[in-house]
Amino acid sequence: MNPRGTPVALAARGVTASLDGAPVLLGIDLELAAGCWTSIVGPNGAGKSTLLKVLANLLPHEGQVTLAGQPIAEMPARMRARKLSWLGQYETSGVDLTVYDVTMLGRLPHQSWLATASALDVAAVERALRATQAWDWRARALGQLSGGERQRVLLARALAVEAEVLLMDEPLANLDPPHQADWLALVRGLAARGKTVVSVLHEISMALQGDTIVIMAQGRVQYHGAAAAAATQRALEQVFDQRITILALGAYWVAVPNQGQATSA
Amino acid sequence: MIGRLRWRSILRGMLLTWLLVAGMEARALQVVDDRGVTVVFAQSPQRILTVLPSLTEMVCALGQCQRLVGTDRYSNYPESVRRLPKVGGGLDPNVEAIIALKPDAVLLATSSPLAARLQSLGIRVVALEPKTHADVQRVFDVLGQLLGVTDARRVWQEIDAGVEAAARSLPQRARNLSVYFEVNDAPYAAGEASFIGETLARLGVRNIVPAVLGPFPRINPEYVVRANPDLIMVGDSGYADLARRPGWNNLAALKAGRVCVFSPEQSDVMVRPGPRMADAARLMAHCLANKAP
Amino acid sequence: MKRPPVQPDPPARRVGTVAAALLLASVVFLCLAIAVGSTGFESILMLRQDPVAWQIVVDIRAPRSLGAWLAGALLGLAGAVAQGLFRNPLADPYLLGSASGASLGVAVALVASGATPFAGEWLVQLGLTGAAFVGAVAAVLLTLLLARGVGHSLRLLLAGVVVGVVLGALGQLIMMLRPDVMLSMQAFSLGSTGFVGWSACALMAGAWIAGALVAWALASVLDGLSLGEATAISLGLPLPQLRAALIVVLALATGTAVAQTGLIAFVGLAAPHLVRSIVKTRHQNFILLSSLMGALLLLVADGLARSLVAPQELPVGVLTAVLGGGYLLWLLQRPGTRGGLL
Chain A
2 MNPRGTPVAL AARGVTASLD GAPVLLGIDL ELAAGCWTSI VGPNGAGKST LLKVLANLLP
62 HEGQVTLAGQ PIAEMPARMR ARKLSWLGQY ETSGVDLTVY DVTMLGRLPH QSWLATASAL
122 DVAAVERALR ATQAWDWRAR ALGQLSGGER QRVLLARALA VEAEVLLMDE PLANLDPPHQ
182 ADWLALVRGL AARGKTVVSV LHEISMALQG DTIVIMAQGR VQYHGAAAAA ATQRALEQVF
242 DQRITILALG AYWVAVPNQG QATSA
Chain B
5 MIGRLRWRSI LRGMLLTWLL VAGMEARALQ VVDDRGVTVV FAQSPQRILT VLPSLTEMVC
65 ALGQCQRLVG TDRYSNYPES VRRLPKVGGG LDPNVEAIIA LKPDAVLLAT SSPLAARLQS
125 LGIRVVALEP KTHADVQRVF DVLGQLLGVT DARRVWQEID AGVEAAARSL PQRARNLSVY
185 FEVNDAPYAA GEASFIGETL ARLGVRNIVP AVLGPFPRIN PEYVVRANPD LIMVGDSGYA
245 DLARRPGWNN LAALKAGRVC VFSPEQSDVM VRPGPRMADA ARLMAHCLAN KAP
Chain C
469 MKRPPVQPDP PARRVGTVAA ALLLASVVFL CLAIAVGSTG FESILMLRQD PVAWQIVVDI
529 RAPRSLGAWL AGALLGLAGA VAQGLFRNPL ADPYLLGSAS GASLGVAVAL VASGATPFAG
589 EWLVQLGLTG AAFVGAVAAV LLTLLLARGV GHSLRLLLAG VVVGVVLGAL GQLIMMLRPD
649 VMLSMQAFSL GSTGFVGWSA CALMAGAWIA GALVAWALAS VLDGLSLGEA TAISLGLPLP
709 QLRAALIVVL ALATGTAVAQ TGLIAFVGLA APHLVRSIVK TRHQNFILLS SLMGALLLLV
769 ADGLARSLVA PQELPVGVLT AVLGGGYLLW LLQRPGTRGG LL
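Chains as they are written, first to last, in my numbering: chain A, 2 to 266; chain B, 5 to 297; chain C, 469 to 810.
The following block contains the structure:
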């Protein structure tokens, strides 16, 4: 389903995937529009991270994933890496690299073997670090940073790729409210410039600030619609067993947990 | 005609020269060592370095102790050898120390890693490793050739006669005993195929460890209990624990005290296949005669 | 040409300083090492007059000392590659079983050829080095197979220990069945530079140049890997091929060093940590620094091994453990810096 009628940046057709023999994705058909910020939400274990990895061609799967119309599995790895940037959940062991070096790794898809950083690379890294307010401490080692600071650096790394499509898994982990707000502004800016952003989020209120929402449960897409649409919001409340209520608060939609509600059957 | 005469004299000259050179080469010293390598010396080496105790003893047995300039740290017989410079052990020899002693020839075991390194430094290496009685005779021959000792064969014959004498001295009751010879407490035993086993065989006793198990097999202590030897031969350090091994305190040999315990010096004599094999045979015979039932 | 803005300067300067310091120290200790040995300093003084002294210094001490430096360089290189490849600061050529694999390879080659491990002829040396290399590769692959990939640190280290122990036991079995190689293998496992000549040095130098070049070229892969395997793939890095290349480097470096000097533990583990305690940097610099540090460590240890109880020698493995381990212990008991490994 393509709510906006704009070109499709990323699409999945009949995608199934398993992890360790257990089926996780049970048939996904999805079209994500370009220039749109889509959030994937759902209960734990729905397969959201797995879907994101499959869309980035990081997991073996059946079915087809296309990137700007081209089958992603047939694309040369470096071309795919230039067009699609993926930010996973934190698994870094590189505590010795400086913030600058880590961000520069995001330019790897653009650099040929043995090439040093070009002026373009240096400029891209600076833009990315400034966008995440990490520029001032670019010489510090990753291991010396707090959780939130580290997350911003990893985000900068993903931004430095300057790809058309940006996939992010739990990008707000460890971020305090000011930086969550910065992230929001950043993503909105990217979408406005025509980039496609897909984020897996636990923070429903944040997801509601986006353009579209994909609701996943039990390995399938349950609903895909505009974040502001009432039908989407009712579907959201339902997938979480009515434990949340979505309210309008001024110009914003907010998801509020329902306390004192008996656990549903 | 003069041309043809000239040719003949030239040819004759060449023939004579060739014969002379061949003769000179024949007079130069050549020995074939245990690796099958032919080592050529211009003359008999005067400065000798040994890296194996049995070879040290053999050089001295041939009366050439004075030619030794250095030995390995384990060479301790005869007494005079203890004062010589030491160049490390068989496993960790000190190449620099060896070179510093300027040896004309280095005698070492065939299994030593030292040979190739020394050869690449220009040292002549003769690898000899006696493992059986026949080997000892052969090595004596090679050493005799190398050291220019003409009566090497006689030295061997004396040693051999000594072993025979020890065998003859055994009383009848000591013959045909079954014997277990333990080399160390792993336990490694000396089988029929070993040097020690050969001496035992010449003394006329039976070895409970047959040749098929190899020269120094590591055996299961249970095997000894089953074989129930008439007499046990063991080194000093191993004796203390024998009775404590499971099932061993019932061994007839242990209960009757039919155990030959050898001191470290005596053990040295036993395990080195060299000129003291007659002494080793006498030690064994002496003990057998004493302890035989 | 406009100077590109910003590459932060202090770390780059520090890397250069550290590298220069290590090289300078290496030269100094190399000279010192050539001056020590069982015949002491006399040999240097008598260099001109006595041809034997000349031989001692030029044909024995010099290649030995240089060999110690080169072997340490190879082990330091292998250690840095192993720790980057497996994303584990405890990874080390020995802990991954590659050293046991190398010795098993040498044992098999000895049995097959009947030669001794420290022969001077090129062909035999290459054959034994080749066997050590094959053994090292086989051991690392076996470890990876058992651990089912590098994802799980504990499983990887356990698999490495298992492989090391099993292959070591196989080597011992071979020694028991063929006692004629036992002595050669025992000398080999003592670990010493005693038999290193100029041809061994040339071989190690060749292996080091080849290995260092490949590792340096692939350093960005190791950096990318430190962000996580999935991220590295998402950046377009062809992981399987690049990993294979790095494993070949690891095995070549370990196998060559082990074939020439026997088993000298701890250098591959300690050198990268020692470098990290001084300067933190990208793998491109880190691998080279780790190599230089390992080289210096083994050079100093070998020199001390030869001089402390001259004319006798201590086993060099004891001294690498004392030097490297002592420094690491000191680091451990300091109040640690936030976020660092030590």
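Cβ atoms here follow ideal geometry from the backbone N, Cα and C, with glycine treated the same way.
- Around the beta carbon of B/V216, fewer than 16 other beta carbons sit within 10 angstroms, so the residue counts as exposed.
- A Cβ-Cβ contact shorter than 8 Å links C/V784 with C/T661.
- In the structure shown, the three-state DSSP call for C/H741 is helix.
- Within the model, the alpha-carbon separation for B/D189 versus C/L572 is close to 27 Å.
- For a Cβ distance threshold of 8 Å, nothing in chain B lies close to C/P708: the least Cβ distance comes to about 40 Å.
- Residue environment for C/C499: exposed (fewer than 16 other C-beta atoms within 10 angstroms of its C-beta).
- Closer than 7 Å at the C-beta level to chain B, one finds these residues of the segment 504 to 527 of chain C: G505, S506, T507, V520, Q523, I524 and D527.
- In the DSSP assignment, B/Y184 falls within the unbroken beta strand (DSSP E) covering S182 to N188.
- Residues V255 of the same chain have their beta carbon placed closer than 8 Å to that of A/A249, with the five preceding and five following residues left out of the count.
- Within the segment 726 to 749 of chain C, R744, K748 and T749 place their CB atoms closer than 8 Å to a CB of chain A, listed in sequence order.
- Per the C-alpha coordinates, the member of B/N294, B/V35 and B/V99 positioned closest to B/R177 is B/N294.
- The beta carbon of C/A503 lies closer than 7 Å to those of F509 and I512 in the same chain, with the five residues before and after it left out.
- With 16 or more neighbouring CB atoms inside 10 Å of its own CB, B/D234 falls in the buried class.
- When rounded, the separation of the alpha-carbon atoms in A/L209 and A/A229 is 7 Å.
- By the neighbour-count criterion, in which 16 or more other beta carbons inside 10 Å mark a residue as buried, C/G617 falls on the exposed side.
- Per DSSP, the beta bridge partners of A/P24 are A/S19.
- Close to C/L658, with beta-carbon spacing below 8 Å, are these residues of chain B in chain order: L95 and D96.
- Going by beta carbons, B/V130 and B/L150 fall inside the 8 Å limit.
- The beta carbons of C/L635 and C/G547 sit no closer together than 8 Å.
- By the Cβ rule, the segment 8 to 28 of chain A counts as touching the segment 52 to 72 of chain A, because three or more pairs are nearer than 8 Å.
- In terms of Cβ geometry, A/G220 and A/L85 do not form a close pair [threshold 8 Å].
- Taking 9 Å as the upper bound on Cβ-Cβ separation, chain B lies near residues R774, P779, Q780, E781 and P783 of the segment 771 to 796 of chain C.
- For the pair C/L578 and C/S694, the Cα-to-Cα distance works out to about 40 Å.
- Not a single C-beta of chain C is nearer than 8 Å to the C-beta of A/G48.
- For C/I528, the closest of B/E100, B/Q161 and B/P175 by C-alpha to C-alpha distance is B/E100.
- For secondary structure counted as the alpha helix (DSSP H) over 4 or more consecutive residues, the segment 35 to 100 of chain B holds these complete runs in sequence order: 57 to 65.
- A/V222 and A/G211 have their alpha carbons spaced roughly 18 Å apart.
- Residues of the same chain with a CB within less than 7 Å of the CB of C/W666, apart from the 5 flanking positions on each side, are P531 in chain order.
- Scanning C/A670, C/V768, C/L757 and C/H751 for the CA closest to the CA of A/T99 turns up C/H751.
- Measuring C-alpha to C-alpha distances from B/G261 to each of B/P268, B/E269 and B/Y243 identifies B/Y243 as the nearest.
- In this structure the segment 252 to 261 of chain B does not lie against the segment 276 to 284 of chain B, because fewer than three pairs of beta carbons, one per stretch, are closer than 8 Å.
- Taking each of B/N180, B/L174, B/F220 and B/V209 in turn and checking the Cα distance to B/A194, the smallest one comes out for B/F220.
- A/V96 and A/G144 do touch by the CB rule: their CB atoms are close to 3 Å apart, below 8 Å.
- The C-beta distance from B/F144 to B/V159 rounds to 6 Å, short enough to meet the 8 Å contact threshold.
- For the pair A/A74 and C/P706, the CB atoms are not nearer than the 8 Å cut-off.
- Under the Cβ criterion of 8 Å, C/T597 is not counted among the residues facing chain A.
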